[in-house]
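One structure below.
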Amino acid sequence: MQQLNQLILDENGVAFHPMMGNSYEVNTTGRYIIEALKKNQSNDEIIVELSKRYKISTQELYIDVYDFISKLKMYGLA
Amino acid sequence: MQKIAISGLNASDNPASGVAVAKSLKDEFEIIGLSYNPNESGNYLDCISKSYLMPYPSLGIDALLLRLKEIQRKEKIVMIIPCLDAELPLYIKYQESITNLGIKLVLPNEKNFELRNKNRLHLLSKKLDIRYPKTEAFFEMQKLEEIEKHFTYPIMIKGNYYNAYKSYNQTSSHEYAKKICNEWGFPLLVQEVIYGDELNLVGLGDGKGNLIGAVSIKKLTTTELGKVWTAVSIEHNGLLEVAKKFVAETLWRGAFELECMVNKEKMYLIEINPRFPSWVYFATALDINMPKQLVEMANGKEVTPQLNYQTGKMYIRFTDELITDFSDFSTLMMKKEL
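Protein chains in written order, with the working numbering: chain A, 234 to 311; chain B, 65 to 402.
Written as structure tokens, this is what we have:
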């Protein structure tokens, strides 16, 4: 989480890590998840909110959100 | 305007730091170039008001002092900032003789300089609490085969001062070792390859254990020789801590560059260069003008530490062209000054 909190999201959909100098391209959903995680929202809260926003079942979103979070972990960000 | 002399005027695809240092100082000082070759592009740039050809460091201190006396008679330079690895041992060893000519230097002493020598870096890295890749030095070519057995490929074949090649087999190892040895001699080093992000820091030590300037970057793209082409400014606390420990441990006086590899939480020290890197103007553009701080130190001024700068700034190197008269080249070659 410490690494995730450092991510700076710019208006072009790029997340910049000022400690490592790495940058990551994220879409609007990815951006939403990162911002929500930075606000300490739980994974379930994020799934429910995205379900309302995009009218997709929580079951379907569960896989996508956890997949995204596992990618954040893979990059050492979460 | 005070006159500051600077070496390392080569600004090719493998640039020295002289031109970057000159750019950092040109608004407040007159820059005198100390060149080893009329082909060095810095000789012809506007930021350098006059250039002198110098004897190669291999000719020793007598040749250097003789040349500096001649230059000093004409120019009354206040300070020299040596920017090349190969000339530093001479400038460091004979600091007193050079300062007796009325020329100031801000350099580490011989003992501290040796501590960051590549073949002793494993000892220093322990004190700095940073990992160091498995490395073995050799002083004769016959030993290479034996040492290679202690490693798995790929390995790095490195010179003690310059050059490093990644080798994937015994044949190329020998080829690279001979290539480096022919140019720079022994010792040579075999080093394990570390994968990860290359992070670099340019810093300035005050000789009393304090870090008075520092900027860190991540190289985004490099040339085939591994020289930075684009980079981004970063703030890496671990790297900054290593820099602080380095100047505190060695009482380092002057400029240095830390080269590190970071693989997740693991950080490895690769090299400590005892001079400004060629990208030092990036730090100047971020409002940490270390060449200017260095001159202030030499002038006995109290230098305020500057460690805060903007991250996420981009450094972009590009090629440029300059047209001049051939007579400039021939004048420098024949008269040894331009």
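Ideal placement from N, C-alpha and C gives every residue a C-beta, glycine not left out.
Could you give the DSSP three-state label for residue i: helix, strand or coil?
i, result
"B/GLN370", "strand"
"B/HIS300", "coil"
"B/ALA201", "strand"
"A/GLY263", "helix"
"B/VAL326", "strand"
"B/GLN206", "coil"
"B/ASP149", "helix"
"A/GLN274", "coil"
"B/ASP392", "helix"
"B/THR294", "strand"
"A/SER256", "strand"
"B/ASN264", "strand"
"B/ASN78", "coil"
"B/GLU385", "coil"
"B/ARG339", "coil"
"A/ALA311", "coil"
"B/LYS430", "The shown model of chain B, from 65 to 402, leaves out residue 430 of chain B, and the question about it has no answer."
"B/LEU333", "strand"
"A/GLU380", "Lying outside 234 to 311, the shown extent of chain A, residue 380 of chain A is not represented and no answer is given."
In or out: residue i buried (at least 16 other Cβ within 10 Å) or exposed?
i, result
"B/ASN176", "buried"
"A/MET252", "buried"
"B/TYR430", "A question about residue 430 of chain B goes unanswered here, because the residues of chain B that appear run from 65 up to 402."
"A/ILE289", "exposed"
"B/PHE346", "buried"
"B/MET118", "buried"
"B/ASP270", "buried"
"B/MET331", "buried"
"B/TYR240", "buried"
"B/THR314", "buried"
"B/ASN74", "buried"
"A/ILE296", "exposed"
"B/SER189", "buried"
"B/LYS168", "buried"
"B/THR348", "buried"
"B/ILE42", "Past the boundaries of the shown model lies residue 42 of chain B; chain B is included only from 65 to 402, so the question cannot be answered."
"B/GLY82", "buried"
"B/ARG317", "buried"
"B/ILE162", "buried"
Is the Cβ-Cβ distance between residue i and residue j less than 8 Å?
i, j, result
"B/GLU174", "B/ILE145", "no"
"B/GLU329", "B/LEU265", "no"
"B/ASP384", "B/TYR108", "no"
"B/LEU152", "B/PRO338", "yes"
"B/GLU231", "B/PRO251", "It should be noted that the sequence gives Ser, not Glu, for residue 231 of chain B. No. Outside cutoff."
"B/SER280", "B/GLN374", "no"
"A/LEU242", "A/LEU310", "no"
"B/ILE135", "B/TYR116", "yes"
"B/ILE258", "B/PRO197", "yes"
"B/ILE380", "B/THR286", "no"
"A/GLY254", "B/LYS282", "yes"
"B/VAL367", "B/ILE221", "no"
Looking at the unbroken beta strand (DSSP E) that takes in residue i, where does it start and where does it end?
i, result
"B/THR216", "Here B/THR216 belongs to no beta strand (DSSP E), and DSSP marks it neither H nor E."
"B/THR286", "275-286"
"A/PHE249", "247-250"
"B/ALA410", "Given a span of 65 to 402 for chain B in the structure shown, any question on residue 410 of chain B remains unanswerable."
"B/GLU247", "No beta strand (DSSP E) contains B/GLU247, which is instead part of the alpha helix (DSSP H) from 234-248."
"B/GLY97", "94-99"
"B/LYS406", "Lying outside 65 to 402, the shown extent of chain B, residue 406 of chain B is not represented and no answer is given."
"B/VAL254", "252-256"
"B/ILE380", "378-380"
Starting from residue i and walking both ways along the alpha helix (DSSP H), at which residues does that stretch end?
i, result
"B/ASP126", "125-139"
"B/GLN66", "Looking at the DSSP string, B/GLN66 is not in any alpha helix (DSSP H), and its letter there is neither H nor E."
"B/ASN176", "174-179"
"A/TYR299", "291-307"
"B/MET361", "354-362"
"B/LEU185", "185-191"
"B/TYR345", "344-349"
"B/ILE162", "159-163"
"A/LEU237", "235-239"
Interface residues of chain A around residue i at Cβ under 9 Å?
i, result
"B/THR19", "Since the first residue of chain B shown is 65 and the last is 402, residue 19 of chain B is not available in this structure."
Can you pull the chain A residues whose beta carbon is under 7 Å from the beta carbon of residue i, in chain order?
i, result
"B/ASP392", "Simply none; closest approach about 40 Å."
"B/GLY267", "The contacting residues do not exist; B/GLY267 stays about 17 Å from chain A at best."
"B/THR375", "PRO251"
In chain B, what lies closer than 9 Å to residue i by C-beta?
i, result
"A/MET253", "ASP261, LEU263, LYS282, ILE298, HIS300 and VAL326"
"A/GLY309", "LYS328 and GLU329"
Can you name the residues of chain B whose CB is closer than 8 Å to the CB of residue i?
i, result
"A/ILE241", "GLY376"
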